[in-house]
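2 protein chains.
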Amino acid sequence: MARRTQEQRKTETRTRLIDAAAELFARKGFHAVSAEAVADAADRTTGALYSHFGGKEGLLLALLEVWKQRTVERLTAEIHQLPDPAPHFAAMWEAITAPAEDRGEAWLLLEIELWQHGARDPVFGPLIARRFAEIRGQLGEGLADWAEATGTELPYAPDEAGALVLGALLGCALQHRLDPDAVPEELVVHALSTLLGLRTPGGSPPASPRTEQTPKEARP
Amino acid sequence: MARRTQEQRKTETRTRLIDAAAELFARKGFHAVSAEAVADAADRTTGALYSHFGGKEGLLLALLEVWKQRTVERLTAEIHQLPDPAPHFAAMWEAITAPAEDRGEAWLLLEIELWQHGARDPVFGPLIARRFAEIRGQLGEGLADWAEATGTELPYAPDEAGALVLGALLGCALQHRLDPDAVPEELVVHALSTLLGLRTPGGSPPASPRTEQTPKEARP
DNA sequence: GTCTATACAAAGATAGAC
DNA sequence: GTCTATCTTTGTATAGAC
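Here it is, written out as structure tokens:
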């Protein structure tokens, strides 16, 4: 395999650049990272970057495509047909908030970074909008399948359920990122279950006993 | 009042710079906006900016303080003691998602911009964390007061309720921004009510009749 | 396809006049 | 306190060698 070098070096370069970009864009933000910094982190040069992607913007676009697949895997792992979907919610929550396991920490940051570009750039807007729609769709579909299999009735249409679950997860993760104690996993899981009518709102308190619960505000 | 100029010009400059910064940071992002652009938009020069705030970073810090108050007002308008808090939820939602009424559109963008700095910068982190904690606190307190006054029992501690409501609002607003149809107001209001146990999960469908509800995915 | 070197533009920051 | 002018650094992008 002495010949592999030439044919494959280019795809490896693409991968290296995209990975480096994901890391840096998430950690510092798109505008705060120079093309050179990305190239350096990927052990390449700006020349290679421009040759492949035409610039930083093009790199972000390429990154989006790759990222899409990883995220769908991350969030929509088959919701098994257990009577209680709580473990599945917990898994999704952990996938989003995990410190660095499989770049869990960076996931939220990059996702928000992409959202921003979508909200600001007319080119990215529809792309990101579609991305979110797909996530909602997959999420909702999974829930609908589960409901049908277990004989439960969801109080929302699949897409609506997807939107609410995704919304709650994102919004809670944002807060969790700055103040983990303020948004414990049990709270989120319980809320999601309640939201979808999978338990009575008042009944069955969060999995872990709701001890005391004195306000945990940081008061520095 | 010929003398007002000297004493007050400086505070007017501060205000102008902060307002301009809020507008531009929200619309383009902190790193995408130059100090000069902010100064120009405020009809001042970079010299004045540096003299007052020491730089762009300092300006962001100052902006945060001002923004704090406006947001608390925006989100925690007294929750009146009606039996149904839905109108109040609807008002909060509109405050967050309103196109440009009172800079409603920019609100979410700037809020996310601040969150990012908090998540990335060790100096901003605690400040933004505190900010969110305060919003949660106010929100939760308002809900608790309402519950007590109306004889309702909230299934969560005040801070927990605040975290969930804020989370759902934020996460839904993020999606709404890219695809308004996917997250209609009635859905969010209904979800919030359900979440807090103010109606049975399955019962009382959203205010507006849930017509058809064919998936509204953009399929460009 | 990738690197080195570099042109060119923009941004951050400051000194000194008013 | 504010402006004009400018210095320095950093970033984008390209041309040409390998």
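Residue numbers (this note's numbering), protein chains in the order written: chain A, 248 to 467; chain B, 248 to 467. A virtual CB, placed ideally from N, CA and C, is assigned to each residue, including glycine. Bear in mind that the values here come from a model prediction, so they are computed numbers and not experimental data.
Since residue i is in the alpha helix (DSSP H), which residue starts that stretch and which ends it?
| i | result |
| --- | --- |
| A/Ser298 | Thr293 to Phe300 |
| A/Glu388 | Phe371 to Thr397 |
| A/Arg446 | First-last for A/Arg446: undefined, no H or E at that position. |
| A/Phe336 | Ala333 to Thr344 |
| A/Thr318 | Lys303 to Leu322 |
| A/His423 | Pro405 to Leu425 |
| A/Ala429 | Taken as a continuous stretch (DSSP letters only), A/Ala429 belongs to no alpha helix (DSSP H), as it is neither H nor E. |
| A/Val285 | Ala282 to Ala288 |
Going by Cα to Cα distance, which pick from the options is closest to residue i?
| i | options | result |
| --- | --- | --- |
| A/Cys419 | A/Val313, A/Glu407, A/Gly387 and A/Ala337 | A/Ala337 |
| A/Pro332 | A/Glu304, A/Asp392 and A/Ala286 | A/Asp392 |
| A/Asp266 | A/Val436, A/Gln255, A/Leu306 and A/Ala408 | A/Leu306 |
| A/Pro373 | B/Ala438, B/Leu411, B/Leu425 and B/Pro431 | B/Leu425 |
| B/His364 | A/Leu264, A/Thr262, A/Ala289 and A/Phe277 | A/Phe277 |
| A/Ala269 | A/His335, A/Pro334, A/Val436 and A/Leu308 | A/Leu308 |
| B/Trp314 | B/Ala394, B/Tyr403 and B/Glu381 | B/Glu381 |
| B/Pro427 | B/Arg446, B/Tyr403 and B/Pro346 | B/Pro346 |
| A/Thr318 | A/His423, A/Ala342, A/Tyr297 and A/Ala295 | A/Ala342 |
| B/Glu432 | B/Ala404, B/Pro334, B/Pro402 and B/Asp287 | B/Pro334 |
| B/Pro402 | A/His437, A/Thr292 and A/Ala404 | A/His437 |
Classify residue i: buried if its beta carbon has 16 or more other beta carbons within 10 angstroms, exposed otherwise.
| i | result |
| --- | --- |
| B/Thr441 | buried |
| B/Gly444 | buried |
| A/Val370 | exposed |
| A/Gln316 | exposed |
| A/Glu358 | buried |
| B/Arg256 | exposed |
| A/Gly398 | exposed |
| A/Thr458 | For A/Thr458, the predicted model reports a pLDDT of 40, less than 50, meaning its position is unreliable; a value from the coordinates is still stated below. A/Thr458 should be labelled exposed. |
| A/Thr479 | Absent from the structure is residue 479 of chain A, since the part of chain A shown begins at 248 and ends at 467. |
| A/Thr258 | exposed |
| A/Gly389 | buried |
| A/Pro330 | exposed |
| A/Pro453 | Unreliable positioning characterises A/Pro453 in this predicted model, as indicated by a pLDDT of 44, which lies under 50. The coordinate reading is nonetheless provided below. The residue in question, A/Pro453, is buried, as its Cβ has 16 or more Cβ neighbours within 10 Å. |
I'd like to check one pair, residue j with residue i: are the Cβ atoms closer than 7 Å?
| i | j | result |
| --- | --- | --- |
| B/Leu356 | B/Ala273 | yes |
| B/Ala415 | A/Gly414 | yes |
| B/Leu311 | B/Met339 | no |
| A/Ala410 | B/Val430 | yes |
| B/Leu434 | A/Glu407 | yes |
| B/Arg261 | B/Ala289 | no |
| A/Leu417 | B/Leu439 | no |
Sorry if obvious, but does the Cβ on residue i come closer than 6 Å to a heavy atom of the ligand ADP?
| i | result |
| --- | --- |
| B/Leu442 | Here there are no bound small molecules, and the ligand ADP is not part of this structure. |
Please determine if the stretch 384 to 393 of chain B and the stretch 366 to 378 of chain A are in contact, where contact requires at least 3 C-beta pairs separated by less than 8 Å. no
Give a yes or no on contact between the stretch 354 to 370 of chain B and the stretch 279 to 287 of chain B, applying the rule of three or more CB pairs nearer than 8 Å. no
Three or more C-beta pairs below 8 Å linking the stretch 294 to 301 of chain B and the stretch 314 to 330 of chain B: no
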